[in-house]
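Chains as they are written, first to last, in the numbering used here: chain A, 104 to 430; chain B, 178 to 284.
Glycine residues also receive a C-beta, built at the ideal position from the N, C-alpha and C atoms.
Bear in mind that the values here come from a model prediction, so they are computed numbers and not experimental data.
Below is one structure, written out as structure tokens, with a few remarks after it.
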Amino acid sequence: MCKYAASRKSKISSNCVLSAPSFVFSSNVVMRSVSIAIRASGRIIHFFVHAIVSKSSKMMFESSQFDSQAGSGGGFFSSQNADSSRTSAKSRDNQPMCPVTVKQIVEASSADDKSNFLIDGIDVYNVKLVGMVFEKSARNTDASFVIDDGTGRIACHRWINDPQDTEEVEELMDGMYVRVHGHLKTFQAKKQVVVFAIRPVNDYNEIATHFLECIHAHCCNNKSQNNGSSAPAASTAVATQSGHQTVPSTQVSQEYNVDGLGSIDKMVLDYLQLPSSLTDERGVHRNEIAQKLKLSQEKIIETMEALETEGLVYSTIDEFHYKSTAS
Amino acid sequence: MDTSNPAVLVNAELLRMHVGRRVRTVIQVLKSDGGGSVVGRSTDEQQLIIKGYPSAPLSTFVEVIGIADSNQSIQADSWTNFGDNFEMGCYNKVCQLANGDFKHLFI
Chain A
104 MCKYAASRKS KISSNCVLSA PSFVFSSNVV MRSVSIAIRA SGRIIHFFVH
154 AIVSKSSKMM FESSQFDSQA GSGGGFFSSQ NADSSRTSAK SRDNQPMCPV
204 TVKQIVEASS ADDKSNFLID GIDVYNVKLV GMVFEKSARN TDASFVIDDG
254 TGRIACHRWI NDPQDTEEVE ELMDGMYVRV HGHLKTFQAK KQVVVFAIRP
304 VNDYNEIATH FLECIHAHCC NNKSQNNGSS APAASTAVAT QSGHQTVPST
354 QVSQEYNVDG LGSIDKMVLD YLQLPSSLTD ERGVHRNEIA QKLKLSQEKI
404 IETMEALETE GLVYSTIDEF HYKSTAS
Chain B
178 MDTSNPAVLV NAELLRMHVG RRVRTVIQVL KSDGGGSVVG RSTDEQQLII
228 KGYPSAPLST FVEVIGIADS NQSIQADSWT NFGDNFEMGC YNKVCQLANG
278 DFKHLFI
């Protein structure tokens with residue numbers, strides 16, 4: 104099973120929490136914090152990845168830019184599950200970005216259609232890769248290179264349309280780590296990635312983060328396959344290949360909330376996830392929580408703000424009523 | 178330099194399982210005297226010897242790719258400076274996952 108909770112401690116609204124790979128560019132320096140909990144063979148492993156991303160650096164991934172080129176992209180997780188059942192060639196341009204390892208691409212089965220690739224049983228078109236550049240060769244209109252992420256090598260092809268593209272390609276050097284976004288294609292019987300964005304990796308924690316994202320995506324895809332549900336990835340337990348198991352969302356959130364949250368935060372979350380709290384569409388008034396849990400006004404305000412920043416709760420009809428994002 | 182082979186993500190503990198094979202790991206440089214080897218601390222806090230000649234001055238954290246030649250040393254052919262700010266613990270967990278339950282995604 105695998106669970107995922109991503110939170111950011113900065114100027115990000117809770118709804119973009121799950122599109123963790125996209126980078127923040129709203130301030131000069133942004134602390135990016137991703138927490139991922141993966142339970143494997145009964146062990147729970149928590150990750151914190153902190154990366155300082157400076158605005159001037161080129162590794163910035165402007166989500167808007169990728170979105171415009173990759174369809175509605177960005178939110179890979181929620182839309183991935185919803186799309187999986189009715190993916191067709193027609194909707195390909197709207198497909199989300201899937202973080203993958205090269206090995207997954209190499210092993211992807213390409214069925215009848217030339218650009219139809221199945222990874223974990225899901226039709227994958229747009230992919231994200233992080234790896235080293237090799238064998239770069241640039242021409243006036245296009246550039247080709249190989250990406251090696253340690254799991255294998257894949258040919259990449261980048262068309263050059265405007266000066267910005269030229270700049271991107273000129274920066275590339277053999278042995279340099281980059282993140283590429285592109286779509287899968289078969290050309291002359293070989294798989295390749297037609298790249299539409301290249302960014303140098305400046306913070307090397309991104310490599311570990313990328314692999315964690317690959318693992319998470321793999322878990323989510325297997326989950327949606329196994330029980331066909333389109334439940335939000337954040338609040339559900341995900342199956343590995345060994346089989347699947349349904350875990351109530353409250354249990355899940357209890358597990359991942361232990362990570363980095365104080366006991367009061369946890370109590371409040373638990374309260375919000377009680378069946379009695381879930382019945383009301385409007386959520387629960389913070390005064391009610393304070394009263395039930397015997398917390399002071401200051402404490403409850405502080406706690407709710409902290410939980411909201413973490414993307415674990417959201418306010419509903421007004422700024423006093425809250426619901427848990429996990430429910 | 179043969180880079181076409183996959184290089185398995187390892188820490189010191191996992192290194193022993195891949196002796197003779199191509200591996201990649203990140204070390205915190207402890208001693209680098211330019212004498213053909215570098216002493217480093219692995220992501221799981223053990224000592225590793227990295228043999229080879231880095232082409233540039235090393236930063237605090239360095240990724241090395243090469244052949245595991247014993248359970249404590251790597252013959253490196255690729256050195257990449259990972260800067261002075263790197264989460265060793267996180268990388269270590271990824272190594273464990275990449276050799277454990279999610280091995281099939283990596284090797």
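- Ranked by Cα distance from Ile403 of chain A, the options A:Gln376, A:Val371, A:Gly365, A:His286 are led by A:Val371.
- Phe314 of chain A and Ala275 of chain B have their C-alpha atoms spaced approximately 9 Å apart.
- In summary, the residues of the region 184-210 of chain B whose CB is separated from some CB of chain A by less than 7 Å are Ala184, Leu186, Arg201, in the order they occur in the chain.
- Distance from the CA of Phe299 of chain A to the CA of Asp268 of chain A, rounded to the nearest whole angstrom, comes to 9 Å.
- With contacts defined by Cβ atoms closer than 9 Å, Gly255 of chain A and Val205 of chain A form a contacting pair.
- Assignment of beta strand (DSSP E) within the region 192-265 of chain A, counting only whole runs of 3 or more residues, yields 200-202, 220-222, 225-227, 229-241, 245-251, 256-262 in chain order.
- In the structure shown, Ala300 of chain A adopts extended strand secondary structure according to DSSP, grouped into three states.
- When DSSP states are grouped into helix, strand and coil, Leu186 of chain B belongs to the strand group.
- Tyr425 of chain A counts as buried, since no fewer than 16 other beta carbons sit within 10 angstroms of its beta carbon.
- Shown here, Arg389 of chain A sits in a helix according to DSSP, grouped into three states.
- A straight-line Cα-Cα distance of about 6 Å links Tyr307 of chain A and Phe259 of chain B.
- Straight-line measurement puts the Cα of Gln400 of chain A at about 58 Å from the Cα of His260 of chain A.
- DSSP links His319 of chain A through a beta bridge to no other residue.
- In this chain, Phe283 of chain B is not harboured by any beta strand (DSSP E); it is covered by the alpha helix (DSSP H) spanning 280-283.
- Membership of Glu240 of chain B in the beta strand (DSSP E) is indicated by the continuous run 238-247.
- Sixteen is the threshold: when 16 or more other Cβ atoms of the shown chains lie within 10 Å of the Cβ of Gly285 of chain A, as they do, the residue is buried.
- DSSP places Tyr230 of chain B outside any alpha helix (DSSP H), giving it a letter other than H or E.
- At a cut-off of 9 Å between beta-carbon atoms, Phe248 of chain A makes no contact with chain B.
- Only those residues of the region 301-323 of chain A whose C-beta falls short of 7 Å from the nearest C-beta of chain B are listed: Tyr307, Asn308, Ala311, Phe314, Leu315, Cys317, Ile318, His321.
- Note on geometry: alpha-carbon atoms of Phe283 of chain B and Val203 of chain A lie some 10 Å from one another.
- In terms of Cβ geometry, Thr237 of chain B and Ser219 of chain B do not form a close pair [threshold 9 Å].
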